[in-house]
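This report refers to the structure that appears directly beneath it.
In UniProt numbering, the protein residues as written are 1 to 82.
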């Protein structure tokens, strides 16, 4: 469980939900601290990004199996945060 008011965890609710799902503390913290990037990177939605851009983002947030995913699968995984 994250310490209440822990400055290292930006989204406590998301962190707790991920931990409840069995996600490791390290991965849950990384995901909970990742800003919602649906509209970041110049305001591009995931659908407007290239597969390579989506792959790099998936790599950044630690999504496993990304190398075998199609563009649509990468989008789904990024939105799901896993």
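For every residue, glycine included, the Cβ atom is placed at its ideal position computed from N, Cα and C.
Identity of the residue in the options nearest residue i by Cα
{"i": "residue 30", "options": "74, 79, 72 and 61", "result": "61"}
{"i": "residue 48", "options": "71, 8 and 10", "result": "71"}
{"i": "residue 51", "options": "78, 32 and 12", "result": "78"}
{"i": "residue 9", "options": "32, 66, 68 and 80", "result": "32"}
{"i": "residue 46", "options": "73, 21, 63 and 68", "result": "73"}
DSSP three-state assignment for residue i, whether helix, strand or coil
{"i": "residue 30", "result": "helix"}
{"i": "residue 23", "result": "coil"}
{"i": "residue 9", "result": "coil"}
{"i": "residue 66", "result": "helix"}
{"i": "residue 79", "result": "helix"}
{"i": "residue 39", "result": "Bear in mind that the predicted position of residue 39 carries a pLDDT of just 43, short of 50, making it too unreliable to give a figure here."}
{"i": "residue 51", "result": "helix"}
{"i": "residue 72", "result": "helix"}
Closer than 6 angstroms: residue i CB and nearest the ligand MN heavy atom
{"i": "residue 79", "result": "Ligands displayed in this structure: none; no statement on the ligand MN is therefore possible."}
Nearest-angstrom Cβ-Cβ length linking residue i and residue j, presumed shorter than 8 angstroms
{"i": "residue 66", "j": "residue 76", "result": "Not quite, the Cβ-Cβ distance comes to about 12 angstroms (not below 8 angstroms), so this is no contact."}
Quiz item: Within the chosen definition, does the stretch 44 to 64 reach the stretch 12 to 25 through at least 3 CB pairs nearer than 8 angstroms?
Solution: Counting Cβ pairs under 8 angstroms, fewer than three are found: no touch.
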